[in-house]
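Numbering (the numbering used here), first residue to last: -18 to 253.
Next comes the structure, spelled out in structure tokens:
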């Protein structure tokens, strides 16, 4: 997973650490007061508040006896590990913000304690809270109301991702025409139903691989018709083979962001 975490005690602009990759930026005001300035307006944030922006934002953070933790997640990681969850979508905004803050704080603790796997779990939790609420400034996926049937199909896939799923079978289960379901799903989600099924399966497989499941066995648990079809789907969704993915994951683990114990002590106060 590709992300960075930094701690700022002086005023800064977002452009100072904007990379060539499209990214989403999550800011946690750790202490003090922050004046956030953009081309159009300015707004004040206080300790414990979350700010979420994208790469297109031109922002200046004016810190007044304050510090800010900055989490930058590139678009590839964000898209790879987010999916629609109707339970999260129904959450009140303030509750979602609290959950994002809690995940952010836990992520910092994990990094300080050199718990790389636990940190990645918190990152996945955090970005899915963002993705499924109006806080999603990256994809804006939740700004459109999904047709009821499409939402039901999404919930079904999310709950039965290990099952042998197909367009024909799902259409039969929901008593709709295959062509109609395929068209409505693609129009609503900007992705085909078959590819969405692959994406959800592969996302969960990635997490299982992190936990030590064998590549040669896992495809059976997810009901791929063959090992070769699994490899093809994995490469289509992730862009590389499972072996290369795990190697890249191992290399990223060796460069997990370094966070000072000072930041940890400060964020602990936000939990009091």
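The C-beta atom is built at its ideal place from N, Cα and C for all residues, glycine as well.
Bear in mind that the values here come from a model prediction, so they are computed numbers and not experimental data.
Beta-bridge pairing of residue i - partner residues as DSSP gives them
{"i": "residue 35", "result": "5"}
{"i": "residue 53", "result": "-15, 6"}
{"i": "residue 48", "result": "12"}
{"i": "residue 27", "result": "14"}
{"i": "residue 43", "result": "16"}
{"i": "residue -7", "result": "42"}
C-alpha gap between residue i and residue j, whole angstroms
{"i": "residue 172", "j": "residue 129", "result": "17 Å"}
{"i": "residue 217", "j": "residue 45", "result": "47 Å"}
{"i": "residue 147", "j": "residue 55", "result": "31 Å"}
{"i": "residue 64", "j": "residue 52", "result": "20 Å"}
{"i": "residue 119", "j": "residue 105", "result": "With a pLDDT of 41 at residue 119, under the threshold of 50, the modelled position of this residue cannot be trusted, and the question is left open."}
{"i": "residue 194", "j": "residue 78", "result": "33 Å"}
{"i": "residue -12", "j": "residue 244", "result": "7 Å"}
{"i": "residue 12", "j": "residue 89", "result": "15 Å"}
{"i": "residue 111", "j": "residue 152", "result": "30 Å"}
{"i": "residue 209", "j": "residue 203", "result": "13 Å"}
{"i": "residue 176", "j": "residue 96", "result": "33 Å"}
{"i": "residue 164", "j": "residue 137", "result": "18 Å"}
{"i": "residue -18", "j": "residue 226", "result": "10 Å"}
{"i": "residue 127", "j": "residue 219", "result": "26 Å"}
{"i": "residue 221", "j": "residue 246", "result": "39 Å"}
{"i": "residue 207", "j": "residue 242", "result": "48 Å"}
{"i": "residue 240", "j": "residue 103", "result": "16 Å"}
{"i": "residue 32", "j": "residue 166", "result": "32 Å"}
Beta-carbon proximity of residue i to residue j, cut-off 8 Å
{"i": "residue 43", "j": "residue 16", "result": "yes"}
{"i": "residue 62", "j": "residue 184", "result": "yes"}
{"i": "residue 59", "j": "residue 92", "result": "no"}
{"i": "residue 34", "j": "residue 6", "result": "yes"}
{"i": "residue 199", "j": "residue 190", "result": "yes"}
{"i": "residue 28", "j": "residue 251", "result": "yes"}
{"i": "residue 41", "j": "residue 4", "result": "no"}
{"i": "residue 149", "j": "residue 133", "result": "no"}
Spatially closest choice to residue i from the options, by CA coordinates
{"i": "residue 249", "options": "86, 91, 107", "result": "86"}
{"i": "residue 14", "options": "4, 47, -14", "result": "47"}
{"i": "residue -15", "options": "199, 101, 29", "result": "101"}
{"i": "residue 154", "options": "176, -7, 131, 164", "result": "131"}
{"i": "residue -4", "options": "-18, 134, 11, 19", "result": "19"}
{"i": "residue 214", "options": "178, 166, 134", "result": "178"}
{"i": "residue 30", "options": "113, 81, 196", "result": "81"}
{"i": "residue 113", "options": "76, 149, 252, 94", "result": "76"}
{"i": "residue 223", "options": "83, 252, 196", "result": "196"}
{"i": "residue 50", "options": "57, 73, -10", "result": "-10"}
{"i": "residue 181", "options": "205, 72, 156", "result": "205"}
Touch test, the stretch 175 to 189 against the stretch 137 to 146, Cβ-Cβ under 8 Å, three pairs minimum: yes
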